[in-house]
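Below is one structure, written out as structure tokens; the observations come after it.
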């Protein structure tokens, strides 16, 4: 399965999810979390931060997200976590 970077129309395609997540974290600007102000890597890791550190209600208020957008992001996080080697991603990002 190919993985495409969906940040700002980037469209870069990767053979594995780990490469896509690493790309998002290293090749795109790091946004500030609109809930807590923490600077986070963009893409999957930003979404994961928001859903792990904050409530759905905080996310909706801060980002103006619809319930459908929340569900899409939650499903994306689940899909990635089912197949990704998170230890490998962490090791790559801490180099």
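Numbering (the working numbering), first residue to last: 865 to 959. By construction, the Cβ of each residue, glycine as well, lies at the ideal position given by its N, Cα and C atoms.
Taking only three categories from DSSP, how would you classify residue 941? helix
Can you tell me where the alpha helix (DSSP H) with residue 902 in it begins and where it stops? Segment: none, residue 902 is in no alpha helix (DSSP H) and carries neither H nor E.
Quick one: Cα of residue 876 to Cα of residue 923, how far? 27 Å
Can you find the residues in the same chain that come closer than 6 Å, C-beta to C-beta, to residue 918, ignoring five residues on each side of it along the sequence? 899
For residue 868, which residues does DSSP report across the bridge? 877
For the 8 Å Cβ check, are there 3 or more pairs between the segment 925-943 and the segment 897-912? yes
How is residue 919 classed by DSSP in three states: helix, strand or coil? coil
Cβ-based burial, residue 873 [other Cβ within 10 Å; buried from 16]: exposed
Euclidean distance between Cα positions of residue 891 and residue 951: 20 Å
Roughly how many angstroms lie between the CA atoms of residue 933 and residue 906, to the nearest whole one? 17 Å
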